[in-house]
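All remarks here apply to the structure that follows.
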Amino acid sequence: MKKVLEQKLGSADMLEIKCPYCGERSQNEFAYGGDATIKRPKLNTEVSDTEWDSFVYYRNNPRGKHLELWHHISGCRQWFKVHRNTATHEIIKTLEMHEELKD
Amino acid sequence: MKKYSVFSLIKNAFNGHKNWDVAWRDPEPKKEYDAVIIGGGGHGLATAYYLAKYYGIKNVAILEKGWIGGGNIGRNTTILRSNYMHDANNLFYDHGMQMWKDLSQELNYNVMYSPRGILNLAHSDAQINSYSRRGNSMRLNGIDASLIGREEVKKIIPFADFSENARFPIFGGLLQPIGGTARHDAVAWGYARAADNLGVDIIQHCEVNGFDIENGKVSGVQTSRGNIKTKKVGLCVAGSTSILAEKLNMTLPIEAHVLQACVSEPVKPMLDGVVTFGAGHFYCSQSDKGEMVMGGDLDGYNSYAQRGNLPTIQHVLTEGVALFPNLSRLKILRTWGGIMDMSMDGSPIIDKTHIDGIYLNCGWCYGGFKATPVSGLTFAHTMATNEPHDLSKPFKLNRFNTGHLLDEKGLGTKTWIS
């Protein structure tokens, strides 16, 4: 029953996030940092207005798998990436900042 | 439609209330409509109503994935206000406030409009200054507002923490006397009944799966109940906007976030209007049933789950108890969540798009409920005339490209902290 509800409505449990440096911790220790897939246009190159606007304002905002930034602000204070499902709140994987998602 | 009145109430009382008409029909979708509204929430229903009422477009369908009033119109904290700082927001929302006044008569449905005042509390000198600026901005736009001191606040909410121990002492507050609440479900049902009466087809349990686009023009929508031809499609789907936009190959300046609210067990009348805590994010009013209706921050991460979790509720209620210590003795009856379409500047988007016949109504963040009438009116104007309404001109989608942002709070693009 709980599983069915979670698939339909998303989990109401507290998030437990596995910091790549400290291990599993409660969501209270973390701060969110937004979509991790946005790439800032390269420095010292010609950037069109459209490119810049989409970097600053436009988001894919998927329902489902979402790669995002989190900050272990009340812990080791490291930034890292979390691969999480926005529909169910399931955390699939956490990665260090330099790591890319292999799918 | 048989009019609701005291006479119809008496008449129906005599036969045990068995002969009331249905409030709206449950029609099968037709093959073709002049306009299709996706989303049977407050904004969608209001848009359809004003399209039929003022713009002569009566062959309209509202397609709702779930049921009428099951989305954010049934999940908000029912607050009405127009206490903004920017002219565009002030004028737009205050037009809405004027519409609320007569809405029950207009719809022949009691929306339980109750202008008991909204009080934003200030907890520092700096905050008093900032509220004074906001209040002045409101008054310059013709909206009544008054900056009141600690003693006057005490008269309104004597049970707030005015002690020496208050962690965030109350310095004063900004009062908008016309602010208040309305019954959210009644707003949905009232618009649904009135729109249906003007010939609008309300089609529930009908999900839109795709769009027919030919040469940059929309020609129809594909739904779970068959294809429907139309030349005008209005999106009023709040938190699901990005999902439909993706089907149109559009990316939007919007993120979906879950916002929770909760109600306590019912108690005798203690709080008259709406009060917001200024040292955090907590707002509170008391429902007619006596429940304390409370809300605060977003859960703070992208979410399409219509529920959040307990850390945010705990955080919000901690603020509530800091303000009103007597809340600590109340039990919480229910918590729930809804998906907010958080725009990147905190203001809505009401506009046509680059696809001919596709219109957008989104980005309401967590202020959509109070805007229901004015959003419907201006969006209906946009859909009918292909031009923005004077009031919604500043809410164009391309403001994110031209730089004409309406960032009330100056928070930038971190939608989850707003």
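Which chain is which? The protein sequence lines are R and F, in order. For the first sequence, the numbering used here assigns the number 1 to the initial residue and increments by one for each residue that follows. For the second sequence, the numbering used here assigns the number 104 to the initial residue and increments by one for each residue that follows. Cβ atoms here follow ideal geometry from the backbone N, Cα and C, with glycine treated the same way.
In this model, PRO497 of chain F and SER446 of chain F are separated by some 14 angstroms (Cα to Cα).
Here the alpha carbon of GLY10 of chain R sits roughly 20 angstroms from the alpha carbon of LEU347 of chain F.
Residues of the segment 45-69 of chain R with a C-beta atom less than 9 angstroms from some C-beta of chain F are ASP49, THR50, ASP53, SER54, VAL56, TYR57, TYR58, ARG59, ASN60, ASN61, PRO62, ARG63, GLY64, HIS66 and GLU68, listed in chain order. Non-local C-beta neighbours of ASN115 of chain F in its own chain, meaning closer than 7 angstroms and more than five positions away in sequence, comprise ASN122 and TRP123, ordered along the chain. Straight-line measurement puts the Cα of SER235 of chain F at about 11 angstroms from the Cα of LEU278 of chain F. C-alpha of PHE274 of chain F to C-alpha of SER233 of chain F: approximately 13 angstroms in a straight line. In terms of Cβ geometry, VAL419 of chain F and GLU394 of chain F do not form a close pair [threshold 9 angstroms]. Distance between ASP190 of chain F and LYS204 of chain F, taken at the CA atoms: about 21 angstroms. Shortest Cα-Cα distance from CYS76 of chain R to any of R:ARG40, R:ASP35, R:ASP49 and R:CYS22 involves R:CYS22.
Under the Cβ criterion of 9 angstroms, THR37 of chain R is not counted among the residues facing chain F.
For MET200 of chain F, no beta strand (DSSP E) encloses it; the enclosing alpha helix (DSSP H) starts and ends at 190-204.
Runs of the alpha helix (DSSP H) spanning 4 or more residues and lying entirely within the segment 494-518 of chain F occur at 502-505, in chain order. Contact between ILE221 of chain F and GLY282 of chain F holds, with the beta-carbon distance rounding to 3 angstroms and staying under 8 angstroms. For the options F:VAL109, F:ARG502, F:ILE461 and F:LEU194, the alpha carbon positioned closest to that of ALA474 of chain F is the one of F:LEU194. GLN279 of chain F has F:ILE221 as its beta-bridge partners, per DSSP. In the same chain as ARG437 of chain F, and ignoring 5 residues on each side of it, the C-beta atoms closer than 7 angstroms to its own belong to CYS365 and VAL366, in chain order. When DSSP reads this structure, MET443 of chain F sits in a beta bridge with F:HIS360.
Using a CB distance cut-off of 9 angstroms, THR516 of chain F counts as an interface residue toward chain R. At least one C-beta of chain R is nearer than 9 angstroms to the C-beta of GLU349 of chain F. Residue contact check for MET14 of chain R against chain F: a CB pair falls below 9 angstroms. Interface residue (Cβ-Cβ distance to chain R less than 9 angstroms): THR485 of chain F is not classified as such. Membership of GLU68 of chain R in the beta strand (DSSP E) is indicated by the continuous run 65-71. Between HIS308 of chain F and GLY172 of chain F, the CB-CB gap reaches or exceeds 9 angstroms.
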